[in-house]
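See below for the structure under consideration.
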Amino acid sequence: MNLLSLSGMEKRYPGVKALDGVDFQLRAGEIHALLGENGAGKSTLVKVMTGALQGDGGSMSFLGAPLKLKSTAHAQSVGISTVYQEVNLLPNLTVAQNLYLGREPKRFGLIDWKRINRQSREVLKRFDLDIDVSRPLSSFSVAVQQLIAIARGVDMSAKVLVLDEPTASLDADECEQLFGVMRELRDKGIGIVFITHFLDQVYAVCDRITVLRNGQLVGEFEAATLSRSELVGHMLGKELQAQTHGREHREEKSLTQPLLEVQELAVSGSLQPTSLCVRRGEAVGLAGLLGSGRSEVCRAVFGVDRKTSGTLKVNDAEKHFLQPADAISEGLALCPEDRKTSGIVGPLSIRENIALALQARRGWWRPISRVEQERLAQRFIRELQIATPDAEKPIEQLSGGNQQKVILARWLATSPQLLVLDEPTRGVDIGAHAEILKLIRQFCRDGMSLLVTSSELDELLAFSDRVAVMRDRRKVAEIEGDDITEGNIMRAIAEA
Amino acid sequence: MSNLNTTAGRPPAPAKIKLPRVNGRYLWPLLGLFLLLAVNLAITPEFFRIEIQDGRLYGSLIDVLNRSAPVALLAIGMTLVIATGGIDLSVGATMAIAGAVCANLIVGGVDSIFLVVAAGLAAGLMAGAVNGGLVSYMGIQPIVATLILMVAGRGIAQLINAGQIVTFQSEAFAFIGTGTLLGLPFPIVLVLIVFALVQLLMRKTALGLFVESVGCNAGASYYLGINQRAVKIVAYCIAGICAALAGMISAADIQGSDANNAGLWLELDAILAVVIGGASLMGGRFSIPLSIVGVLVIQCLGTTIIMSGLPAKFNLLIKAVVVIFVLLLQSPLFQQQMGALFARFQKRTNTEAKV
Numbered sequence: 001m002n003l004l005s006l007s008g009m010e011k012r013y014p015g016v017k018a019l020d021g022v023d024f025q026l027r028a029g030e031i032h033a034l035l036g037e038n039g040a041g042k043s044t045l046v047k048v049m050t051g052a053l054q055g056d057g058g059s060m061s062f063l064g065a066p067l068k069l070k071s072t073a074h075a076q077s078v079g080i081s082t083v084y085q086e087v088n089l090l091p092n093l094t095v096a097q098n099l100y101l102g103r104e105p106k107r108f109g110l111i112d113w114k115r116i117n118r119q120s121r122e123v124l125k126r127f128d129l130d131i132d133v134s135r136p137l138s139s140f141s142v143a144v145q146q147l148i149a150i151a152r153g154v155d156m157s158a159k160v161l162v163l164d165e166p167t168a169s170l171d172a173d174e175c176e177q178l179f180g181v182m183r184e185l186r187d188k189g190i191g192i193v194f195i196t197h198f199l200d201q202v203y204a205v206c207d208r209i210t211v212l213r214n215g216q217l218v219g220e221f222e223a224a225t226l227s228r229s230e231l232v233g234h235m236l237g238k239e240l241q242a243q244t245h246g247r248e249h250r251e252e253k254s255l256t257q258p259l260l261e262v263q264e265l266a267v268s269g270s271l272q273p274t275s276l277c278v279r280r281g282e283a284v285g286l287a288g289l290l291g292s293g294r295s296e297v298c299r300a301v302f303g304v305d306r307k308t309s310g311t312l313k314v315n316d317a318e319k320h321f322l323q324p325a326d327a328i329s330e331g332l333a334l335c336p337e338d339r340k341t342s343g344i345v346g347p348l349s350i351r352e353n354i355a356l357a358l359q360a361r362r363g364w365w366r367p368i369s370r371v372e373q374e375r376l377a378q379r380f381i382r383e384l385q386i387a388t389p390d391a392e393k394p395i396e397q398l399s400g401g402n403q404q405k406v407i408l409a410r411w412l413a414t415s416p417q418l419l420v421l422d423e424p425t426r427g428v429d430i431g432a433h434a435e436i437l438k439l440i441r442q443f444c445r446d447g448m449s450l451l452v453t454s455s456e457l458d459e460l461l462a463f464s465d466r467v468a469v470m471r472d473r474r475k476v477a478e479i480e481g482d483d484i485t486e487g488n489i490m491r492a493i494a495e496a
Numbered sequence: 001m002s003n004l005n006t007t008a009g010r011p012p013a014p015a016k017i018k019l020p021r022v023n024g025r026y027l028w029p030l031l032g033l034f035l036l037l038a039v040n041l042a043i044t045p046e047f048f049r050i051e052i053q054d055g056r057l058y059g060s061l062i063d064v065l066n067r068s069a070p071v072a073l074l075a076i077g078m079t080l081v082i083a084t085g086g087i088d089l090s091v092g093a094t095m096a097i098a099g100a101v102c103a104n105l106i107v108g109g110v111d112s113i114f115l116v117v118a119a120g121l122a123a124g125l126m127a128g129a130v131n132g133g134l135v136s137y138m139g140i141q142p143i144v145a146t147l148i149l150m151v152a153g154r155g156i157a158q159l160i161n162a163g164q165i166v167t168f169q170s171e172a173f174a175f176i177g178t179g180t181l182l183g184l185p186f187p188i189v190l191v192l193i194v195f196a197l198v199q200l201l202m203r204k205t206a207l208g209l210f211v212e213s214v215g216c217n218a219g220a221s222y223y224l225g226i227n228q229r230a231v232k233i234v235a236y237c238i239a240g241i242c243a244a245l246a247g248m249i250s251a252a253d254i255q256g257s258d259a260n261n262a263g264l265w266l267e268l269d270a271i272l273a274v275v276i277g278g279a280s281l282m283g284g285r286f287s288i289p290l291s292i293v294g295v296l297v298i299q300c301l302g303t304t305i306i307m308s309g310l311p312a313k314f315n316l317l318i319k320a321v322v323v324i325f326v327l328l329l330q331s332p333l334f335q336q337q338m339g340a341l342f343a344r345f346q347k348r349t350n351t352e353a354k355v
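Keeping their order, the protein sequence lines are chains A and B.
The opening position of the first sequence corresponds to residue 1 in full-length UniProt numbering, with each subsequent residue numbered one higher.
The opening position of the second sequence corresponds to residue 1 in full-length UniProt numbering, with each subsequent residue numbered one higher.
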């Protein structure tokens, strides 16, 4: 029997359908993985399920009776508890205070602290946690804090527990501890929704899997009968079959000089030792699922995250990039994944946004004249076909695709040797999507070196001379030449 | 990479002749200033009369300008700091420090006026560097970081003065506060010079663009290679130097350094002036000329209240009301609401006319 069931769930945002008729069934006593790439609709579905958002259509039922959630508090009161990736308890209160926050047992109208502490110890004992509950929450590791958050959820008579990426900041042992607790709760009949990027973890604890893609339900599967490569295929929206790659003609570029050479580059906490080489005039694709370390490679190469070990060479000379400015002065450029916070300078005009990187490279005492800036802006508006009435429009008023083109123009103005594009087509409408791909192919033909991450396999196939596959924050495979097929990439992503 | 030929075959767009865009930002602060001037003219007809005596200009208007000099200097620096997304509460205290340094050097027998002024400026630069360092390297919120010096600065000035009000006799130094150059009181000349220098530094180099970029989006500025820490430190240092100059004017004016009262609360006037000038406290676009207009609005207002013969106890309240009014006029939301109200009113009168 279904504990929680959503059918035909819809949620629209201006311009996007975040959920498009999604069904989801959670049984009592199961761990159910909810999977999908960025923009698949996972987080929207979780928000609807936990009362943080109201759906625009569709219905929901809980224990067989229709349910319409008004708020997260309402969801909690009927027995749907959520534990988020970032522990959202109060770090400066004690463990016991956190466990009973907002529902403190009273005695004569006053809070009964003795009872809180005693009950807290009992609750945590069920989770094999023998800790001093009168110490502040922040004095324990993130893993323990996660468990405490779960304990709080379960103790509030939860029947459904939603775990939103609880393992993102846990190490292997801590994960195992968490999984133990999850299995125990499952055996007690609680239904658990588990969200994670890590396929290993899915197969370690989950009974069933629901996959979303672009706001739609791809399917519901039994974990035991679904192979990894099938799962990856569902997540990326591809059938596993031998397909020829899209690039008609590949020149032999293995003889050219390496431009960027990375040996065992690691960043503590975000990137395991990874080696990578980009030759002159070569386009290297970075494949992998969300959270696999794709963006982390880009950030480490560009000096955003400081490397903790390994070497990085540009044109055979070892470099230590402490900040992006160092990388830029060596002829690198990065279009970051998060355009809004790290890309555009919103209120400034298109002209200024295009001129900024070149200006920063020239230094403040050598200004680019207004006339020169305008010429630059006009040239790129024409060449990249940026849709705008004039160059003085603030960039924040442009569509996502046009913003991305302005960012590309910003870097092209600096004539970089290596252009790093982190998800260049994210949040870009279909029309601009094709144009940006066309531009990337153009860059390849012009002999620029490229390092491009993408979650769209056909994009990678379209321009890559080589594809490096990332998993679990390290490079697991490198595919070259005619071996670059969707099947090969997906197998590399899925293999354990 | 210069030969992207994605638009080959398309004729290049004809070069458009662009008219300088009339900047709407200038409208409201200037309107406010003109309104105040008009009120002044109505109350005291001789408000705009300027006389020349002994080769120096005299008149109410000159007085207003002269008296607004310290706040104008502070506002110039504050504009930059606010544009980076920060705020500097310590400029009043920095004024006190600079005044105390100069006064004690003079009393201590340093004859060279250049040395005295240089020491005062160095004190201001140091204050700015401390603020900028705390904000950009320690990551302390600007309001907290500068609050430290706002409190400690007066203490430092008191220590320098050994708890006394230090008075001095120096004609050369007094000139900064009371002298005349080219027929204008020297403080006005000083403001003009600093204004011109900072404006040149911001608009004729790329520094102004960097300041705006950092203020709009510090994260993106870092990604595109701007040394945002240095930009912030420069802004705070300029603010410190401006404050030191303001402090020297007020010390020279009274021929003494009063650590407790020099520049007291002036940081608030400076912030207010920048806001009246239309800058966002979130950072981003800035205009030093508009901040100066803001200073003049505040100063004119004070004069107007005195001239109108209202009891002095109304001063602060009237100031607050006028400030709210000016800020309302600039608020896009308020403008929108007023526009909607006006449209509804017009529609009603139209339908009534038809009936």
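Backbone N, C-alpha and C fix where the C-beta goes; we use that ideal spot for every residue, glycine too.
Computed from a predicted model, the values in this text were never measured in an experiment.
Distance, residue j Cα to residue i Cα
{"i": "P185/B", "j": "G59/B", "result": "11 Å"}
{"i": "V267/A", "j": "R299/A", "result": "10 Å"}
{"i": "A252/B", "j": "L89/B", "result": "23 Å"}
{"i": "L272/B", "j": "L281/B", "result": "10 Å"}
{"i": "N66/B", "j": "L35/B", "result": "20 Å"}
{"i": "Q385/A", "j": "A434/A", "result": "12 Å"}
{"i": "L192/B", "j": "A98/B", "result": "20 Å"}
{"i": "I298/B", "j": "L264/B", "result": "16 Å"}
{"i": "D63/B", "j": "F302/A", "result": "56 Å"}
{"i": "G240/B", "j": "G57/A", "result": "59 Å"}
{"i": "I306/B", "j": "V107/B", "result": "36 Å"}
Reduced DSSP secondary structure (H/G/I, E/B, other) of residue i
{"i": "L376/A", "result": "helix"}
{"i": "L134/B", "result": "helix"}
{"i": "K18/B", "result": "Because the pLDDT at K18/B is just 41, under 50, the model does not fix this residue reliably, and the point stays unresolved."}
{"i": "residue 366/B", "result": "Past the edges of chain B, shown from 1 to 355, lies residue 366/B, and the structure says nothing about it."}
{"i": "F24/A", "result": "strand"}
{"i": "E220/A", "result": "strand"}
{"i": "V304/A", "result": "coil"}
{"i": "H320/A", "result": "coil"}
{"i": "P136/A", "result": "strand"}
{"i": "L281/B", "result": "coil"}
{"i": "I436/A", "result": "helix"}
{"i": "V160/A", "result": "strand"}
{"i": "I238/B", "result": "helix"}
{"i": "Y100/A", "result": "coil"}
Whole-Å CB distance - residue i paired with residue j, under 8 Å assumed
{"i": "I150/A", "j": "V46/A", "result": "With a Cβ gap of about 16 Å, I150/A and V46/A do not count as contacting."}
{"i": "L209/B", "j": "Q359/A", "result": "6 Å"}
{"i": "M138/B", "j": "L266/B", "result": "Between L266/B and M138/B the Cβ distance is about 26 Å, and since that is not below 8 Å, they are no contact."}
Closer than 8 Å to chain B by CB, residue i
{"i": "A357/A", "result": "yes"}
{"i": "V371/A", "result": "no"}
{"i": "S349/A", "result": "no"}
{"i": "R441/A", "result": "no"}
{"i": "T388/A", "result": "no"}
{"i": "T341/A", "result": "yes"}
{"i": "L334/A", "result": "yes"}
{"i": "E352/A", "result": "yes"}
{"i": "I328/A", "result": "yes"}
Exposure label - residue i; buried when at least 16 CB within 10 Å
{"i": "Q228/B", "result": "buried"}
{"i": "G92/B", "result": "buried"}
{"i": "Q397/A", "result": "exposed"}
{"i": "I209/A", "result": "buried"}
{"i": "N353/A", "result": "buried"}
{"i": "Y13/A", "result": "exposed"}
{"i": "G183/B", "result": "exposed"}
Cβ of residue i within 8 Å of any chain E Cβ
{"i": "W364/A", "result": "As a matter of chain content, chain E is missing from the structure shown, whose protein chains are A and B."}
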